[in-house]
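Peer 1: So that we are looking at the same thing, I have put the structure below in structure tokens.
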Amino acid sequence: MLQESQDNAATGSNQGSSVSLEPAGEVNAFERFAIAAEQIAATTKRLAKAAILGEYLTALADEDLRLAARYFAGSPFPLSDQRVLNVGGAALLNALQAVSGAERSSLQEALVKRGDLGDVAREVLPAADSPTLLLTDVEKSLATLVETRGNKRKLEVITALLQRATPLEAKYLIKLMTGDLRIGLREGAVEDAIARLAQEKVERIQWVNMLTGDIGEAAVLARHRQLDQAQMRLFHPIKFMLASPVEDFTEITSRMPEGFAVEDKYDGIRAQVHIAPVSDNADPLLHGVPHAGARVALFSRTLDEITPSFPDLVEPLASLPPVTFGAGLILDGEIVPYRDERILPFQALQKRLGRKTLPEDLLREVPVAFVAYDILYRDGQVLIEEPYQARQVMLAALELNTSALQRAASQQFTDATALDDEFQAARDRGNEGLMVKHLQSPYKPGKRGKDWLKVKRAIATLDVVVTAAEVGTGRRSRFLSDYTFAVRASEDDPTLLNVGKAYSGLTDVEVTELSNWFKAHTIEEFAHGRVRTVEPKIVLEVTFDRVQASKRHKGGYALRFPRILRIRDDKPPEEIDTLETVRKLAEHMAE
Ligand code: AMP
């Protein structure tokens, strides 16, 4: 039996912890990082978190500050760096088993109880001698890990790193490798702390973080009062601006009485395109691929590089006349399946997604187009602070008009009367609905505001996250094919509230893949593994007949006859719909 750890940082109680939170090592010791993280987790107060972080960061030398700022933002590497760790929960569990000597079953039991592998590590690892790891050691090990091929050798690297760590350090090493420290700190809070310690406005830090794609670099520049020197660097994703839903057209005119722009809402994959001339001394870790004298990269809405999935877009993008992109170009838009001058249903594109290789015949069968609807940077100029209208003029000047590269038509209206017809026309063109945009609005990276409004399909759909999976019946009795799903309590409250259960709508291939994923990401098993609560990461778009009040569900609503429309790999679970949307739909449907 495992010993119950008495430390519970998340609830703020540290009494009885077997590891002292008095820093012993040098300031650049990884232990100091772990202690600061532990203290940040122990308070729910934003200001207190910022103060602890600020104090910790201030003490660090430049190179360590660079690393610690990145690590606190939850990323082992800067966004501008193409390296990704790709270490799964199973590999970490194996490593932990090797280092602790614990039984597999007791590790799994501990995982079920704690729900976080980092917490388990702290619980099961034997007390270590005094800590020896430095921040730079961690950096080196993570760099080696990315370069290591093969599961067995990766396991050796992780094991070697954990062996050098104290239980507390191991806790945060594991969290870092899974990409989330879970101490109630987001990148925004790290920007806040940097702003405080440099006595700068947080907006300036955010700006430099966006330009450089490296919060570590922003921290060092801020410390030396050199924020002005930050240069826009291409080939790292800029966070995407998002839209808020509207129920009816009157809401649009009340928000934008002076007029607004209307575009089709394309049903594809959001993508950001970067193009620049190939440079001789390009960093080998840069995202993108060189082609015909230009470098091209595509990023998804989750800020992952997706260039290899669209080789058929690289060629047309790289072949744009060099004057079009000058010293560099960043476009925002949508990748849609497109053939014979028509946009095909999203399902066609699904065939191409999630594949390791893309055979020629599949590329021919499902051709794609990139439809640009915004421009964020061109030839040395960052354009995100320009108003929408000005950006549209610059976008139009690029004359994107081939079958692979197009521009979304943007029309201006002052009242909503024509919108019914526009909505129908967009649907007839194979698109999902309309996007309405404020004419004077800047591009706000990472913000879901009211400057962009989305008017979706007439049938009601919700984006939800799967919280539990169950073995199906009949043909699907070998798979976890029935999914309980949840919405968020609100934009600010990430509590998940179940609203229904669906088991139809996916292909056999999709169900098989999901079933395997859920098996590997189970939190707790019931009925001999036939029912499992799972890590809430898989986002589904569901439709249903009606929303009804329900006492059985905590949120108070249940969807009747839900069907799965598709898996939304492009949407992170933080962006699923909220209970508020469910409530509105319930009211709407009752009318
Ligand atoms: P949703 O996924 O329902 O939250 O809607 C937002 C998504 O609509 C964006 O992330 C884009 O992928 C997509 N979209 C389609 N057409 C447009 C457009 N013209 N402007 C902005 N976003 C669009």
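Reminder that position 374 of the sequence shown reads as 1435 in my numbering, one-by-one numbering, no gaps. Note that beta-carbon positions come from the ideal geometry of N, C-alpha and C, so glycine has one too.
Measure the alpha-carbon distance for Gly1176 versus His1499 and round it to whole angstroms.
Peer 2: 43 Å
Peer 1: Consider the C-beta atom of Ala1479 and the heavy atoms of the ligand AMP; say whether any pair is separated by less than 7 Å.
Peer 2: no
Peer 1: Can you determine whether any heavy atom of the ligand AMP sits closer than 7 Å to the C-beta of Glu1395, and answer yes or no?
Peer 2: yes
Peer 1: Using 8 Å as the Cβ pair cut-off and three pairs as the minimum, do the stretch 1399-1412 and the stretch 1471-1478 touch?
Peer 2: In the pairwise beta carbon analysis, the stretch 1399-1412 is classified as not touching the stretch 1471-1478: fewer than three pairs are separated by under 8 Å.
Peer 1: Tell me, please, whether the stretch 1251-1260 touches the stretch 1278-1285 by the rule of three or more beta-carbon pairs shorter than 8 Å.
Peer 2: Yes: the two stretches touch, three or more of their Cβ pairs being nearer than 8 Å.
Peer 1: When burial is assigned at 16 or more other CB atoms within 10 Å of the CB, is Gly1510 buried or exposed?
Peer 2: exposed
Peer 1: Only counting the same chain, and skipping five residues up and downstream in sequence, which positions put a Cβ closer than 6 Å to that of Gly1329?
Peer 2: Around Gly1329, the same chain offers Glu1395, Ile1396 and Val1397 as residues with beta carbons nearer than 6 Å, after the five sequence neighbours per side are excluded.
Peer 1: Drop a sphere of 10 angstroms on the beta-carbon of Gln1292, count the other beta-carbons inside from all chains shown, and report buried for 16 or more, exposed for fewer.
Peer 2: Its Cβ having fewer than 16 others within 10 Å, Gln1292 is exposed.
Peer 1: Which ranges does the alpha helix (DSSP H) cover as unbroken runs of at least 4 residues, wholly within the stretch 1220-1267, from first to last along the chain?
Peer 2: 1228-1239 and 1248-1259
Peer 1: Using beta-carbon positions only, say whether Thr1522 and Leu1626 come within less than 8 Å of one another.
Peer 2: At the C-beta level, Thr1522 and Leu1626 come within 8 Å of one another.
Peer 1: Give me the Cα-Cα distance between Ala1134 and Leu1128, rounded to the nearest whole angstrom.
Peer 2: Rounded to whole angstroms, the separation of the alpha carbons of Leu1128 and Ala1134 is 10 Å.
Peer 1: Buried or exposed: where does Leu1178 fall if 16 or more other Cβ atoms within 10 Å of its Cβ makes it buried?
Peer 2: By the beta-carbon neighbour count (other beta carbons within 10 angstroms, threshold 16), Leu1178 is buried.
Peer 1: With a floor of 4 residues, list each alpha helix (DSSP H) that falls wholly inside the stretch 1342-1389, ordered by position along the chain.
Peer 2: 1372-1379 and 1383-1386
Peer 1: How would you call Thr1437, buried or exposed, if buried means at least 16 neighbouring beta carbons within 10 angstroms?
Peer 2: As written in the sequence, residue 1437 is Leu, which differs from the Thr given in the question. With 16 or more other Cβ atoms within 10 Å, it is buried.
Peer 1: Nearest chain D C-beta to Lys1236 closer than 8 Å, yes or no?
Peer 2: The structure shown contains no chain D; it holds only a single protein chain.
Peer 1: Leaving aside the five residues before and after Ser1380 along the sequence, list all residues of the same chain whose C-beta is less than 7 Å from its C-beta, in chain order.
Peer 2: Ala1353
Peer 1: Is Tyr1449 a contact residue of the ligand AMP, with contact defined as CB to any heavy atom under 7 Å?
Peer 2: no
Peer 1: Can you give the Cα-Cα distance for Ala1017 and Trp1578, rounded to whole angstroms?
Peer 2: Outside the modelled stretch of the chain, which goes from 1062 to 1652, sits residue 1017, for which no answer is possible.
Peer 1: My assumption, with CB atoms under 8 Å, is that Gly1389 sits in contact with Asp1440. Please give the rounded CB distance.
Peer 2: 7 Å
Peer 1: Between the alpha carbons of Gly1211 and Thr1205, how many angstroms are there, rounded?
Peer 2: 13 Å
Peer 1: Going by DSSP in three states, Phe1484 sits in which element: helix, strand or coil?
Peer 2: helix
Peer 1: Does DSSP put Met1271 in a helix, a strand or coil?
Peer 2: Of the three classes helix, strand and coil, the one that applies to Met1271 here is helix, per DSSP.
Peer 1: Let me know the alpha helix (DSSP H) ranges lying completely inside the stretch 1166-1204, each 4 residues or longer, listed in chain order.
Peer 2: For the stretch 1166-1204, whole alpha helix (DSSP H) runs of length 4 or above, ordered along the chain, are 1178-1185.
Peer 1: Cutting at 7 Å between CB atoms, please list the residues of its own chain near Gly1274, excluding the five before and the five after it.
Peer 2: Pro1139, Leu1140, Ser1141, Arg1294 and His1297
Peer 1: Is it true that the stretch 1110-1124 meets the stretch 1180-1187, where meeting means three or more beta-carbon pairs spaced less than 8 Å apart?
Peer 2: no
Peer 1: Distance, Cα to Cα, Thr1363 vs Arg1624?
Peer 2: 25 Å
Peer 1: Relative to the ligand AMP, is the shortest distance from any of its heavy atoms to the C-beta of Leu1303 smaller than 7 Å?
Peer 2: Yes, Cβ of Leu1303 sits closer than 7 Å to a heavy atom of the ligand AMP.
Peer 1: Within the chosen definition, does the stretch 1358-1374 reach the stretch 1450-1463 through at least 3 CB pairs nearer than 8 Å?
Peer 2: Verdict: no, contact absent.
Peer 1: Could you check if Ala1280 is buried or exposed, using at least 16 other CB atoms within 10 Å of its CB as the buried criterion?
Peer 2: buried
Peer 1: Within 7 Å: the Cβ of Arg1549 and any heavy atom of the ligand AMP?
Peer 2: For Arg1549, the shortest C-beta to heavy atom distance toward the ligand AMP is 7 Å or greater.
Peer 1: When the Cα of Glu1531 is compared with those of Glu1376, Ser1191, Lys1505 and Gly1590, which residue comes out closest?
Peer 2: The shortest C-alpha separation from Glu1531 is found at Gly1590.
Peer 1: With respect to 7 Å, is the separation between the Cβ of Glu1319 and the closest non-hydrogen atom of the ligand AMP below this value?
Peer 2: no
Peer 1: What is the rounded straight-line gap between the Cα of Gln1076 and the Cα of Met1238?
Peer 2: Because Gln1076 carries a pLDDT of 36, less than 50, the predicted location of this residue cannot be relied on, and no value is offered for it.
Peer 1: Keeping to the same chain, check which residues put their C-beta closer than 6 Å to that of Phe1310; ignore five residues upstream and five downstream.
Peer 2: Ala1477 and Leu1480
Peer 1: Quick check on DSSP: helix, strand or coil for Thr1311?
Peer 2: helix
Peer 1: To the nearest angstrom, how far is it from the Cα of Ala1111 to the Cα of Ala1250?
Peer 2: 7 Å
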